[in-house]
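Visitor: Under the working numbering, the residue at position 339 of the sequence shown is numbered 342, and the numbers go up by one with no gaps. Just dropping this structure here.
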Amino acid sequence: MPTNTRNTRHGRRVRRPAAAWAGALLAVGAVTAVTAGAAPARAGADTVTEYPVTTAAGAAPVGITAGPDGAVWFAEHGAGRIGRMAADGTVTDIPTSGPDTGPSEIVQGPDGALWFTETTAGRIGRVTPSGLLTEFPLPAAGSGPAGIASGPDGALWFTEATGNRIGRITTAGRITEYPVPTRDATPHSIAAGGDGALWFTELSGGKVGRITPSGELTEFPLPGGASGFPGGVVAGPGGMWLTASGGHAVVRVDHTGHVTRFPLPGPDSLPGGITRGPDGQVWYADQAGRVGRITATGAVTTFPVPDGGEKVPLRLTAGPGGTVWFTELLGNALGRIRVPAR
């Protein structure tokens with residue numbers, strides 16, 4: 004049965020999570036490689052504004068999404084909380100049922116609530132903008148729910164990294180699970196595609212998966228295998244876009260399976276989270292200390308984060324007012340970029 008609690012602001016000091024969060028790569032079917040050409044455009048550091056998460060030391064923010072209330076909401080993996088940041092940087096914390104639940108990814112649901120995964124506790128959480136929290140335990144312990152996305156069927160879809168399943172939960176809390184055929188694939192991120200299906204990455208399986216709302220699941224082997232670390236995924240121009248931390252690249256796969264690989268500037272690039280920006284372009288968080296924007300032709304603009312290599316930019320989302328927001332896993336902060344006019 005789900006549990007319900009109403010929580011308010013205030014926090015407690017907790018330890019950092021022991022595990023780091025990695026980004027990833029994809030490649031399927033035929034592959035087109037785009038050779039790096041001119042140096043990428045580089046925006047000034049003053050285009051990035053940072054907002055510390057002052058309510059909890061070691062909050063370790065991971066997932067982030069825009070809420071229906073004009074704020075951005077984020078998962079505090081290290082503090083067992085869900086955070087809300089207003090446009091002026093004011094943070095409100097909503098505790099989950101314990102400090103070690105491990106909230107990871109978060110998304111706005113079709114019902115106007117925020118839905119999130121509790122990786123350590125093995126639950127899916129729901130919180131309304133007013134602060135009413137509900138938690139839904141998964142059928143099996145140790146499932147490790149990770150990524151979560153709103154589906155085209157009005158339900159929420161999520162990955163089970165250690166359970167090796169794809170899950171579906173209705174807004175009423177009914178859960179259905181689908182096993183991933185590849186053993187120990189570590190399903191990671193998930194996103195709705197333009198083809199009416201959900202696409203997910205297999206961090207250890209070296210594959211990308213596609214599942215229809217009826218549960219029909221297909222896997223596509225990646226030419227680079229698991230060494231590319233398939234990670235973030237989002238629908239973008241021409242298909243699905245994925246990060247490739249092992250290959251230092253962003254990859255596009257169209258719905259026929261053709262893959263185009265875009266190498267990123269710098270051998271230290273470690274792309275993790277990926278999203279569609281308010282400008283229609285694809286944006287990614289680079290754990291080496293940058294946020295990047297990439298066009299459909301592979302042109303890259305980078306936005307350096309001050310001392311970013313020590314802060315680990317991890318996930319990002321399009322925000323209100325033509326902005327992109329991102330989390331800093333070790334910086335204990337959120338960052339904001341006002342998207343420049345094209």
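Every residue, glycine too, gets a C-beta built ideally from N, C-alpha and C.
1) Exposed or buried, what is Ala344 when buried is set at 16 or more other beta-carbons lying within 10 Å of its beta-carbon?
2) By the 10 Å Cβ neighbour count, where 16 or more other Cβ atoms means buried, how is Ser217 classified, buried or exposed?
3) Apart from the five residues on each side of it in sequence, which residues of its chain come closer than 6 angstroms, Cβ to Cβ, to Thr215?
4) Return the residue from the list Pro240, Ala124, Gly325 that minimises the CA-CA distance to Pro281.
5) Here's a check: name, in chain order, each residue in its chain whose Cβ is nearer than 8 angstroms to the Cβ of Thr165, leaving out the five neighbours to either side.
6) Where Lys210 and Thr204 are concerned, what is the direct C-alpha to C-alpha distance, given to the nearest angstrom?
7) If I follow the unbroken beta strand (DSSP E) through Ser217, where does it start and stop?
8) At 3 residues or longer, and completely inside the region 277-313: list those beta strand (DSSP E) runs for me, N to C.
9) I'd like to check one pair, Phe306 with Val110: are the Cβ atoms closer than 7 angstroms?
10) Hey, is the region 114-129 in contact with the region 322-338, meaning 3+ C-beta pairs nearer than 8 angstroms?
11) Exposed or buried, what is Pro98 when buried is set at 16 or more other beta-carbons lying within 10 Å of its beta-carbon?
12) Could you give the residue range of the beta strand (DSSP E) that holds Leu159?
13) Looking at the structure shown, is Thr50 part of a helix, part of a strand, or coil, going by DSSP?
14) So which of Thr104, Gly115, Ala62, Ala60 has the shortest CA-CA distance to Thr68?
15) Should Thr104 be labelled buried (16 or more other beta-carbon atoms within 10 Å of its own) or exposed?
16) At the level of alpha carbons, what is the spacing between Asp271 and Thr185?
17) So Ala321 packs on Thr278, CB below 8 angstroms; how close in whole Å?
18) Applying the 10 Å Cβ sphere with the 16-neighbour rule, what's the burial state of Asp96?
19) Taking the Cβ atom as the reference point for each residue, do Ala288 and Leu319 lie within a distance shorter than 7 angstroms?
20) Where Val94 and Val56 are concerned, what is the direct C-alpha to C-alpha distance, given to the nearest angstrom?
21) Starting from His191, follow the beta strand (DSSP E) in both directions and report where the run begins and ends.
22) Which runs of the beta strand (DSSP E) fall wholly inside the region 58-122 and span at least 3 residues, in chain order?
23) What do you get for Gly352, buried or exposed, if any count of 16 or more other CB atoms within 10 angstroms of its CB means buried?
24) Quick one: residues in its chain with C-beta nearer than 7 angstroms to the C-beta of Thr1, no 5 flanking neighbours on either side, listed in chain order?
25) Nearest-angstrom Cα distance between Thr221 and Gly212?
26) Check whether the Cβ atoms of Val253 and Phe265 lie closer than 7 angstroms to each other.
Guide: Put simply:
1) Exposed, since its Cβ has fewer than 16 Cβ neighbours within 10 Å.
2) If you draw a 10 Å sphere on the C-beta of Ser217, you find fewer than 16 other C-beta atoms in it, and that means exposed.
3) If you ignore the 5 residues before and after Thr215, its C-beta comes within less than 6 angstroms of the C-beta of Ala200, all in its own chain and listed in chain order.
4) Selected option, being the one with the closest Cα: Gly325.
5) So the list reads Gly145, Ser146, Gly147, Thr189, once near-sequence residues are dropped.
6) Approximately 6 angstroms between the Cα atoms of the pair.
7) Ser217 -> no beta strand (DSSP E), and no H or E assigned at all.
8) Counting only runs of 3 or more, we get 285-289, 293-297, 303-307.
9) For the 7 angstroms CB-CB criterion, Val110 and Phe306 do not form a contact.
10) For the pair of segments examined, the region 114-129 was found not to touch the region 322-338: the number of CB pairs separated by less than 8 angstroms stays below three.
11) The residue is buried, with at least 16 neighbouring Cβ atoms inside 10 Å.
12) Here the beta strand (DSSP E) through Leu159 covers 159-163.
13) Helix.
14) Taking only the C-alpha atoms, the option nearest Thr68 is Gly115.
15) Burial check for Thr104: the Cβ neighbour count within 10 Å reaches 16 or more, so the residue is buried.
16) The alpha-carbon of Asp271 is positioned some 30 angstroms away from that of Thr185.
17) Yes, Ala321 and Thr278 are in contact; Cβ-Cβ is about 6 angstroms, under 8 angstroms.
18) Burial check for Asp96: the Cβ neighbour count within 10 Å reaches 16 or more, so the residue is buried.
19) The answer is yes: Cβ separation under 7 angstroms.
20) When rounded, the distance between both Cα atoms is 7 angstroms.
21) Run containing His191: 190-195, per the beta strand (DSSP E) assignment.
22) Counting only runs of at least 3 residues, the region 58-122 fully encloses the following beta strand (DSSP E) elements, listed from N- to C-terminal order: 64-69, 75-79, 84-88, 94-98, 106-111, 117-121.
23) The requested residue 352 does not occur in the structure, where the chain is confined to residues 4 to 345.
24) In the structure as shown, the chain begins at 4 and stops at 345. Residue 1 is therefore absent and cannot be evaluated.
25) Distance between the alpha carbons of Thr221 and Gly212 is about 6 angstroms.
26) In contact: Val253 and Phe265 (Cβ atoms closer than 7 angstroms).
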